[in-house]
Every structure is written in structure tokens, then in C-alpha cells.
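Read the sequence shown against full-length UniProt numbering and you will find it ends at 444, with the numbers running on by one and no gaps. Glycine is no exception: its CB is placed at the ideal position from the N, C-alpha and C atoms. Just so we're clear, the structure is a prediction, and the values are computed from it rather than from any experiment.
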Amino acid sequence: MSAGTGEHGGAAPAAGGAGAAGPGLPEGTGDGSRAPGAASRMSAGTGASGSAGNLSGGIGGSGSAGGLSGGTGASGGAGGLSGGTGASGGAGGLSAGTGASGGAGGLSGGTGASGGAGVLSGGTGAPGLSGGTGGAGSGPSAGAPGASAGLAAGTGGSGDSLADDPPPPGAPAPIACLDPPPPGMACIPAGWFLRGSDTGPEHARPQARVWLQTYYLDLNEVTYAEYKACVKAKRCDPKGGPAYSDFDRPKQPVNGVNWFHAEGYCKAQGKRLPSEAQWEKGARGPDGALHPWGDEPATCERAILKDATGRGCGVKKQGSKPDTGRPWEVGSRAPGRYGLYDMSGNSWEWVADWFTRSYAECGADCEGIDPLGPCAKDGEVARECPGKLRKIVRGGSWYWDASYATGVWRRPHFPSNQPFHHFGFRCAANAREAEALQRGAPAK
Numbered sequence: 001m002s003a004g005t006g007e008h009g010g011a012a013p014a015a016g017g018a019g020a021a022g023p024g025l026p027e028g029t030g031d032g033s034r035a036p037g038a039a040s041r042m043s044a045g046t047g048a049s050g051s052a053g054n055l056s057g058g059i060g061g062s063g064s065a066g067g068l069s070g071g072t073g074a075s076g077g078a079g080g081l082s083g084g085t086g087a088s089g090g091a092g093g094l095s096a097g098t099g100a101s102g103g104a105g106g107l108s109g110g111t112g113a114s115g116g117a118g119v120l121s122g123g124t125g126a127p128g129l130s131g132g133t134g135g136a137g138s139g140p141s142a143g144a145p146g147a148s149a150g151l152a153a154g155t156g157g158s159g160d161s162l163a164d165d166p167p168p169p170g171a172p173a174p175i176a177c178l179d180p181p182p183p184g185m186a187c188i189p190a191g192w193f194l195r196g197s198d199t200g201p202e203h204a205r206p207q208a209r210v211w212l213q214t215y216y217l218d219l220n221e222v223t224y225a226e227y228k229a230c231v232k233a234k235r236c237d238p239k240g241g242p243a244y245s246d247f248d249r250p251k252q253p254v255n256g257v258n259w260f261h262a263e264g265y266c267k268a269q270g271k272r273l274p275s276e277a278q279w280e281k282g283a284r285g286p287d288g289a290l291h292p293w294g295d296e297p298a299t300c301e302r303a304i305l306k307d308a309t310g311r312g313c314g315v316k317k318q319g320s321k322p323d324t325g326r327p328w329e330v331g332s333r334a335p336g337r338y339g340l341y342d343m344s345g346n347s348w349e350w351v352a353d354w355f356t357r358s359y360a361e362c363g364a365d366c367e368g369i370d371p372l373g374p375c376a377k378d379g380e381v382a383r384e385c386p387g388k389l390r391k392i393v394r395g396g397s398w399y400w401d402a403s404y405a406t407g408v409w410r411r412p413h414f415p416s417n418q419p420f421h422h423f424g425f426r427c428a429a430n431a432r433e434a435e436a437l438q439r440g441a442p443a444k
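Next up, the structure:
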């Protein structure tokens, strides 16, 4: 196919899981609604009275004040405290189930607050408190993490609170990150993260807390030069699909690879394909941000994708059939969470799991501790899965628009599918594999 034709085929995604699922998907695949929406950030089932019940992503603090840490309270224009004591004044935040009155109130532990705005979480922390101390100010810039301070399904405030929650019963002891990590990889520390979205496409619902052991992800998508070297060493199969001179430059992400190509390459490096949960935590961080940079929209300044006019990023040509562009060299945009590049756009990335039409359909296989989806056992995904025919690609690509370049969009594809010029991958490693990589010998 040429750069401007092929997989899309002019079809539009269908909502609700029936009919023509979306570009390049067979009828009835149920790929869900087109727009992923915003990542859902909800409290754990209890409410607060006031003019507002929660904070959404991108709001750094509540009211007109930041917060104070260290267990002390304040009265007046701004107040924040911990340890179960209250504050009065323009804004108040507290923990341990104690109420506050004033312009705004936030609390944890399932207790309500009255005031101009109410926010609550079901776990720890207070909205907008992160990073130590804060001062009076206006909006999210004072004492609050400007990128995200929404409430996360049972824990409060910043994503750090969720990540630091204790492991669930039955979870293994968290493993410390290697310092330094294996070359070209980043460590994602053990802990909880928010998977899915209650307001996104059907296939990404419901949102849930998932706990993952420490693992590692490649900083970049595997490049054409890296894959070519593996083929030359006779450790990888040649990639399929037609050759594109504009798409096979050394530092561009390798394209035209199916799931088996991707899995084979990672194994040859002593690594593995990431699970879907591992990929999503790497892209979104622990607090359920919609993109690697937060909840702000995906644009050509932040990711390599197709813009609203149908042109690829950086394409200046006009015409009745816009130039859809091409993949860019890896790392052409700023890194996101954990220092990872191109987790939004550039190339769709294969993951290990078998596809289900929603997390609800997947059930317990997609929940809890280190989930691997259907047909997984002893930390490995089976090569065959009765009733499941498709694997998953994540992250969007240079050939698709911004609505797909989110941390929640899940796209099914047959593992041996005709390779496309916008399918790539990156590799992952567990703690044992990472230690072996540091020693320079693959794990046994």
C-alpha cells in the first residue's frame, strides 16, 4: 500500500461494539466508540456536598490555595493539614476522616465535607497535595502538582499516593529498581495504577486499580537498524510487508512487523513483549492520565500522528489527498512518564495479551496482580487461546489521528496479520531478565 492508502479503507469506527468496528477492522469486531474521552477519575463510592463533587485531571489544586504538608493546620486564605485535624479558612484539606468547613473541603476515608466544593477519596492523601509544601496562590500553581490532581478510584490526590499504596493481599514483595537499569531501558517501580477508563471507549471499560511488580520497558520503539541487525545475525525472521524507502531509515521505528516478528525479536534480546497492563502503566503513569504528558490533547507538538486536516506531522503540502506523512526517528518528541518516548503516536505497538472486547468481558484475567489477559499461566501468555484470535496494538501511530493516540485505546489485530507500515513494538523485561541483561547474559 502507499503511504496514503491501505488499512483505513475509508471506514469509520462504530460505537457500541457492533457493526464495522473501525478502520481496518472486520465487521462485528466491536472496537468501540471513536473518541476515547477523558480518563475517569472517581472517588471510591462516597460523596461530598457542595457545588462540585470531584476534580478532573489537569487541575492542580482546589480553590485558590495550595497546601501545607507536615501535619500542621492553618487558618486564613489557605490551609492544608494531615493527621486528622481540621482547618478553617479559604481552603482546607485533611486526612483520616476529619471534616473541614470553609471555601473548599477535601477528605479521605469516606467522610463528607461541606463548603463551596467537595472532593473526597477512598484511600489516602488530599486533592492537590503533592511534593512537600505549598503556599497560598491561585489555582494549581501553588503547592499542587499542576499536571494532575484528580481523584483516583479509591485513593486521593496525586498519582504518587496511588503508587505508594500498600500491595494487595497475596502480592509479592516489591522489588527495588536496578540502579542503573539495563542499557536503553527504564524501570517502572512496583505499585498500583489506574487501568482503563469509565468514560472512554467500551473496550477500555471499566476502570480498575491494578497492581504490577517492578518491570522494565525499552525507552524507545525498536528501530529499523536494530531489527535489521537481529535478522543479519540470524536471530530474527525478516519482517514482512512491502518495503518503503521512507520508512526503513535506521532510526525510524521498525514497521511491517506482525506479532510473531515482535515476540521473536524481544526473546532474542533476552526480553519479552510487555503485557497490556505493563504497556498502559508505562504510558499513563499510576494516576490514570490520558496521555504520557497528562490530559492535554494530543498534537503534533507532543506526538507523531495525523493532524485534523489529514496531513502527517510536519507535512506542508496541500492537495485534495493530503500527505499522511511517515514515522519519525524515535525520540523526536519529549519523553513521557518514566522517561519513555513515543508511547503516544509514531507506531502502534504490539503487546503480549489476547484481545477481549472489554475489560468487563476479560474479568479476573485482566484484574488484580500482574494480569496477563486470557490464557495466561505462570507469568506467560499461551501461544494459542481457544475462542481468541486477535492480539492487541496500543498507542496510535503517525497514520492515525489524535483520538487513537491515548493511553486507553485498545486495537485488536490478528497476530500473523499482513504487516502494516505503522505497526512496531518495544520490549519489556521482568526483574530477573533485567538482572541478566545487566550482566550481559540472557536470563535462563
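So, using beta-carbon positions, are residue i and residue j closer together than 8 angstroms?
i      : j      : result
Trp348 : Gly395 : yes
Ser416 : Ala352 : no
His422 : Asn220 : no
Tyr338 : Val330 : no
Pro253 : Asn346 : yes
Arg235 : Ala360 : no
Ala364 : Cys375 : no
Arg195 : Glu280 : yes
Arg272 : Cys385 : no
Pro180 : Ala434 : no
Trp398 : Arg326 : yes
Pro335 : Leu162 : no
Trp354 : Phe425 : no
His203 : Ser358 : yes
Asp246 : Tyr224 : no
Ala289 : Gly407 : yes
So, for residue i: in the same chain, excluding its five sequence neighbours on each side, which residues have a beta-carbon less than 7 angstroms away from its beta-carbon?
i      : result
Phe167 : Looking at the sequence itself, residue 167 is Pro, so the reference to Phe does not match. If we look at Pro167 and ignore the five residues flanking it on each side, its Cβ neighbours are Pro174 and Trp211.
Asp401 : Leu305 and Lys306
Glu367 : Ala208 and Val210
Pro172 : Gln213
Cys362 : Thr356, Gly373 and Pro374
Gln269 : Cys427
Asn258 : Gly240, Pro415, Ser416, Asn417 and Pro419
His413 : Arg390, Lys391 and Val393
Gly387 : none
What are the boundary residues of the beta strand (DSSP E) that residue i is part of?
i      : result
Cys187 : Met185 to Ile188
His413 : Arg410 to His413
Lys391 : Lys391 to Arg394
Gly282 : Not the beta strand (DSSP E): Gly282 falls in the alpha helix (DSSP H), residues Glu276 to Arg284.
Leu217 : Tyr215 to Asp218
Leu372 : Where Leu372 is concerned, there is no enclosing beta strand (DSSP E), given that its DSSP letter is neither H nor E.
Arg302 : Counting along the chain, Arg302 falls outside any beta strand (DSSP E), and DSSP gives it neither H nor E.
Asp353 : Trp348 to Trp354
Leu212 : Ala208 to Leu212
Gly191 : Gly191 to Arg195
What span of residues does the alpha helix (DSSP H) with residue i cover, start to end?
i      : result
His422 : Careful: His422 lies outside any alpha helix (DSSP H) and carries neither H nor E.
Phe260 : Trp259 to Ala268
Tyr224 : Tyr224 to Lys232
Lys239 : Here Lys239 belongs to no alpha helix (DSSP H), and DSSP marks it neither H nor E.
Gly294 : Careful: Gly294 lies outside any alpha helix (DSSP H) and carries neither H nor E.
Tyr359 : Tyr359 to Cys362
Glu329 : No alpha helix (DSSP H) holds Glu329; DSSP gives it neither H nor E.
Ala431 : Ala431 to Arg439
Among the residues of its own chain, which have a CB less than 6 angstroms from the CB of residue i, if the five just before and after it don't count?
i           : result
Gln189      : As written in the sequence, residue 189 is Pro, which differs from the Gln given in the question. Cys177 and Thr214.
residue 445 : Given that the chain is displayed from residue 1 to residue 444, the structure contains no residue 445 and the question cannot be resolved.
Gln278      : Tyr215 and Ala428
Lys267      : none
Pro292      : Ala283, Gly336, Arg337, Met343 and Ser344
Arg439      : none
Output needed for residue i: all residues of its chain with C-beta closer than 8 angstroms, excluding positions within five of it in sequence on either side, in chain order.
i      : result
Asp237 : Val231, Phe260, His261 and Gly264
Gly379 : Asp370, Leu372 and Asn430
Gly170 : Ile369
Using a Cβ-based criterion (distance less than 7 angstroms to any ligand heavy atom), does residue i qualify as near the ligand ADP?
i      : result
Ala171 : Looking at this structure, you won't find the ligand ADP or any other ligand, since it has none at all.
Quiz prompt | Inter-stretch contact at 8 angstroms, needing at least 3 Cβ pairs: the segment 181 to 201 / the segment 376 to 391 | solution = Contact fails: fewer than three Cβ-Cβ distances are below 8 angstroms.
Quiz prompt | Contact between the segment 207 to 224 and the segment 304 to 316 (3+ Cβ pairs under 8 angstroms) | solution = Segments in contact, no.
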